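A short worksheet on the structure shown next.
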Amino acid sequence: MAEAYNPKVIDHLVRPRHAGHLEEPSGRGESGDAACGDVAVFSVQIRENEVEEARYEVFGCAACVAAGSALAELVHGKPLLEAARVSKADVEEALGGPLPQGKGHALTLVLDALHKAFEDHWSRTAAAGLVDGYVGGGGAGEGGVVAAMSGGVDSAVTALLLKEAGQDVAAVTFRLHDGERGSRSCCSPDTVLFARDTAHRMGLPHFTLNLKELFNKRVMQDFVGSYEKGRTPNPCVACNAHVKFHAAAFLADELGFRHVATGHYARVAEGPSLARPVDESKDQTYVLWPIPKELLARAVFPLGDYRKSEVRRIAEDRGLAVAYTPESQDICFIPDGDYRRFVRKTVSAEPGEVVDREGVVLGRHAGVVDFTVGQRRGIGVSAPTPLYVTEVRPKSKQVVVGRRRDLEVREVRVRDLNWFLPPEEASSVQVRYNGGPVACEVEGDGEGGWIARLQEPVMGVAAGQSAVFYSADGGRVVGGGVVAPGGE
Amino acid sequence: MPDPVYLDNAATTPVDPRVLEAMLPHLGATRGNPSSLHARGVAAREAVEAARGHVAALLGASPEEIFFTAGGTEADNVAVFGLARAADPGKRHAVVSGVEHAAVREAARRLEAEGFEVSWVGVDEYGLVDPAEFAAALRPDTALASVVWANNEIGTVQPVRELADACARRGIPFHTDAVQAAGRLSLDVREAAVSTLAISGHKIYGPQGVGALYVRGGTDIEPVVFGGGQEQGLRSGTENVAGIAGLGEAARLAREELGERVRHEAALRDRVISGVRGLPDVELNGHPELRLSNNAHFTVRGVGAESLVLVLDSLGYAIGSGSACSGGGHQASGVLLALGRDEQDALSAARITVGKDNTAGEVDGFLEAFAGAVGRLRELSPVYAG
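Protein chains in written order, with my numbering: chain A, 25 to 512; chain B, 5 to 390.
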């Protein structure tokens, strides 16, 4: 049955504030779906981090129209950081208290439209700069930190710890791809909505940056391309190398903030260089090696000083809804984990031969993209002893198989290096996310690459994976690079 | 602010002062129970039976064919479940239109849940049931059929006589919800072969919470409410004497004043229709001619119905958004969807239903307020290009 609206709702409905749209806004955002019954559009004019003008349009129930008016009134003429902090609860309060049962969606709808307008503003500001890889200006302010929030527990606690330490924090969520849970339909949970809600509950301003183009080019296409070239990609490394830190630094520069923070388990040491975290079981230094030094100098990783169990406890103590979210998947844009199907959606795999090391044809395969070095299952050739993929040759469409010991290597060639400390300090190298470091000696190959001579053999070193060098005490990352194909 | 102009008579009508007068004796200290043998009981019984006579006269029925209920919804439920339970055990099929009021629609869905098969008969773009399609849905195992006489949202009047005849020829009980039709159409059961027919007090200037079910003599129907055996055992429970007296008086006035009311309402309705049609991007829903004398129903493109209703309310005009029962929830009108409209159209519905006491001046004031409200809401509508 109909529940009566608060008089303030009716007031906003009958005397709407800031209704309409700007002809030339600096950002425009739309949320909802006419088929669902509600559509909200915000247009904003932002200059020097101030929302000079905000206008709204709504088709939908009275609560949505009134919420649009109330939100426009709350942000019009306000500093951007203040406007980005306005939460669903603030809008509800401006409407005189709780909306009738079933009308809460109005708050989500109008807030999402406003934030999409902010997002559009940043996209226009970034223009091509962000796409080409932003390294950041030198004119950043003294304080302030942009904290990346994915919607998970780690990044939420990161932002919270910074805020509790008295820092000026702005939370940011990156829109990376269309595969986020539920992001296609209008009334379902969405990663960005969830992260925004979490930030607002902590009283933090929140922004969303649309990085889909950059992420697609630098991470997803690279991922598919690696398989085509017979290499084993690491998309998290690619994202850290080209996307996440650059985008956070861009936003920090725009806001006049100095630092960028993420929820990685790592520490920043003198140099700057990377150091392993307190919780070694969660160590993420292996995927952080490609951060450019000038960005690492601005990075903070508050979780480096905590154990995961403590992080969860902090989230529970502060009543964060994210406390019980599951661990994120390995590859965020392949939620079902079936990366072969993902690769095959983009590239047409051509069949070829399965051969042994001597070139004897043992069978056929459906495409080199299905294989990665070290793989044992799905080779489709029966043999008395287990066979492993030892090499993938995309040019001749050959997959080379051998016995386990054929996978052993004692020398790893590394390219595209990023050194934090002098290379001579490297005393061990890690070549797989879940593998430990192996003692080694390094020397330059004279062409910009480096060769790591391992003191004990390592199995299944795949080209395309990261090789990360650690210091003699094991605590610091000396540098890292990409494993080059053995034969090249 | 003066009393708002009331243009939502399909939701409920004001109580006629003469109706209130008829009810008052049964609300005070001297009221009685019609089952009692003493003088007070006799007075109450007489009031109930007089009312039964008036309702019977309105429908062209005999008094013993009238059963009082606690409203239109209950009358519909007693009919649907009562007919279904009285049918031969082998008859487990029902034919129901796609534009029923919730009282019949949900009852039929309940029958489905209990194992009945229901054939839902569709409608054309005006909301009309096709008699041939309806007849084709009837089967040897059909236990009952039900089609609303006039739809509560868009006001389309169904060819009930034809539909009822199709059932009568096959010996299938036919129910009709005449809640909106009563007082606006001639509902003579001597001319329409309906088996059961439901009306409600508060749609004909009577009280809320009282209604009546007509059951043609000889129709097999089982009770769904059990108790003291009142209303010939079909609807047990001490009678709502004041309500029934009010319904009786309302029925008497409806019969007496029918022609005059219909002429008055139809003139105002046409004034609303021609005025609203002067606005861009509005569409009249329902049938251009076969519609209730009091109903004007529109799709107002680009405007959310709820917002429109509330803005007009603030301007002193009460209208409806779709049906009053779904107006509170965030859902599109099922009837408009049944006409083949999309969700957005179905969420942009405005129902203006005039009554016997409205005036041309009120309508003119409304038309001005309506144009202003639509204009303002369209200005802030992102889906209206204008």
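For glycine and all other residues, C-beta sits at the position ideal for the given N, C-alpha and C. Because the structure is a prediction, the values reported are computed rather than measured.
For Cys-260 (chain A), there are no C-beta contacts with chain B under 9 Å, since the nearest C-beta of that chain is about 39 Å from it.
In this structure, Leu-384 (chain B) and Val-89 (chain A) form a Cβ contact; the two beta carbons are roughly 7 Å apart against a cut-off of 8 Å.
Within chain B, not a single residue places a beta-carbon under 7 Å from that of Pro-418 (chain A); the smallest gap is close to 50 Å. Taking Trp-474 (chain A) as reference, the option from A:Arg-427, A:Val-482, A:Glu-465 with the minimal CA-CA separation is A:Glu-465. For Pro-386 (chain B), the closest Cβ of chain A is nearer than 8 Å.
Interface annotation, Val-423 (chain A): not in contact with chain B, CB-CB separation never under 8 Å. Between the stretch 91 to 103 of chain A and the stretch 26 to 41 of chain A there are three or more C-beta pairs closer than 8 Å, enough to call the two in contact. Close partners of Gly-44 (chain A) in chain B (Cβ separation under 9 Å): Glu-383, Leu-384.
Inter-residue distance for Ser-451 (chain A) and Val-243 (chain A) is about 30 Å (C-alpha atoms, whole angstroms). Between the C-alpha atoms of Ala-139 (chain B) and Val-198 (chain B) there is a straight-line separation of about 15 Å. Under the criterion of beta carbons closer than 8 Å, Gly-56 (chain A) and Leu-133 (chain A) qualify as touching, at roughly 5 Å. In this chain, the beta strand (DSSP E) harbouring Ala-64 (chain A) covers 62 to 71.
Non-local C-beta neighbours of Ser-297 (chain B) in its own chain, meaning closer than 7 Å and more than five positions away in sequence, comprise Arg-188, Val-266, Glu-269, Ala-270, Arg-273, ordered along the chain. The beta-carbon separation of Ala-48 (chain B) and Val-245 (chain B), rounded to 5 Å, stays under the 8 Å limit for a contact. The beta strand (DSSP E) runs lying completely inside the stretch 36 to 86 of chain B and spanning 3 residues or more are 70 to 73, given in chain order. Residues of chain B whose Cβ lies closer than 8 Å to the Cβ of Glu-54 (chain A) are, in chain order, Pro-386. When Cβ-Cβ separations below 8 Å define contact, Pro-122 (chain A) makes no contact with chain B. Taking CB atoms only, Val-378 (chain B) has no neighbour in chain A less than 8 Å away. Setting aside the 5 residues that flank it on each side, Val-52 (chain B) is surrounded in the same chain by Pro-38, Glu-243, Val-245, Ile-248, each with a C-beta closer than 7 Å to its C-beta; the list follows chain order. The stretch 210 to 255 of chain A contains, as complete alpha helix (DSSP H) runs of 4+ residues, the segments 215 to 225, 236 to 239, 245 to 252 (chain order).
Here Ala-342 (chain B) has Gly-102, Val-103, Gly-126, Val-127, Gly-131 as same chain residues with Cβ atoms under 8 Å from its own Cβ, once five neighbours each way along the sequence are excluded. Residues of chain B with a Cβ closer than 9 Å to the Cβ of Ala-141 (chain A) do not exist, since the nearest Cβ in that chain sits about 12 Å away. Taking a beta-carbon distance threshold of 8 Å, Ser-311 (chain B) counts as an interface residue toward chain A. Residues of chain B with a Cβ closer than 8 Å to the Cβ of Leu-37 (chain A) are, in chain order, Ser-311, Leu-314, Val-315, Ser-318. The C-alpha of Leu-298 (chain A) lies about 12 Å from the C-alpha of Arg-322 (chain A). In the DSSP annotation of this structure, the continuous segment of the alpha helix (DSSP H) that includes Gln-348 (chain B) starts and ends at 347 to 350. Under the criterion of beta carbons closer than 8 Å, Gly-84 (chain A) and Val-68 (chain A) do not qualify as touching, at roughly 20 Å.
Take the alpha-carbon of Thr-396 (chain A) and the one of Glu-448 (chain A): they are about 31 Å apart. A distance of 8 Å or more separates the beta carbons of Thr-232 (chain A) and Ala-487 (chain A). Residue environment: Ser-406 (chain A) is assigned as exposed (fewer than 16 neighbouring CB atoms within 10 Å of its CB, all protein chains considered).
8 Å or more divides the Cβ of Phe-120 (chain B) from the Cβ of Glu-235 (chain B).
In this structure, the beta-carbon distance from Ala-463 (chain A) to Gln-479 (chain A) falls below 8 Å. Between the stretch 169 to 176 of chain A and the stretch 267 to 283 of chain A, the count of Cβ pairs shorter than 8 Å is three or higher; the stretches touch. In this structure Phe-370 (chain B) is not in contact with Val-82 (chain B), their Cβ atoms being roughly 38 Å apart against a cut-off of 8 Å. Taking 8 Å as the cut-off, the Cβ atoms of Ala-26 (chain B) and Ala-216 (chain B) do not count as close. At least one CB atom of chain B sits nearer than 8 Å to the CB of Pro-40 (chain A).
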